[in-house]
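In what follows, a single structure is set out as structure tokens and then discussed.
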Amino acid sequence: VGYSGHESGASNVCIPAVMLGATSIERHITLNRTWYGDDQAASLEPDGLKRLVRDIRLIEKILGDGKKRVWRSEIPAQKKLRQILT
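First residue of the sequence shown? That's 1 in UniProt numbering, and the numbers climb one at a time after it.
Set out below in structure tokens:
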């Protein structure tokens with residue numbers, strides 16, 4: 001699933017797209033958004049691209065891989081709450 005971003009301004013729909021399952025993101029990039037061209041207003045400058053990649057990687061880390069793992073800090077509560085009463 002992919003998302004082709006053409007939004008301009010502060011709106012960044014790429015992050016919610018990743019949260020909803022997008023695995024491919026397409027954005028135009030430019031060295032200067034004030035330059036003449038059809039896509040300049042909706043393009044990302046290098047710093048904006050760096051922030052977008054950083055934010056996407058953070059969202060991917062937060063979402064995880066879907067596999068449940070027991071953390072060391074959870075073991076005491078797990079042992080206490082899983083006691084079998086006889």
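Ideal Cβ placement from N, Cα and C applies to all residues, glycine included.
| Which of helix, strand or coil DSSP assigns to Gly66 | coil
| message | If you reduce the DSSP assignment to three classes, tell me which class Arg82 lands in. | response | coil
| field | Burial state of residue 89 (16 or more Cβ within 10 Å) | value | Here the chain comprises residues numbered 1 to 86, so residue 89 is not present and cannot be evaluated.
| query | Could you give the distance in angstroms between the alpha-carbon of His28 and the alpha-carbon of Gln83? | reply | 57 Å
| Per DSSP, Ser4 forms a beta bridge with which residues? | Glu26
| query | If you draw a straight line from the alpha carbon of Ala17 to that of Gln40, how long is it in whole angstroms? | reply | 22 Å
| field | Contacting residues, own chain, Cβ-Cβ under 6 Å from Leu44 (five flanking each side not counted) | value | Arg27, Ile29
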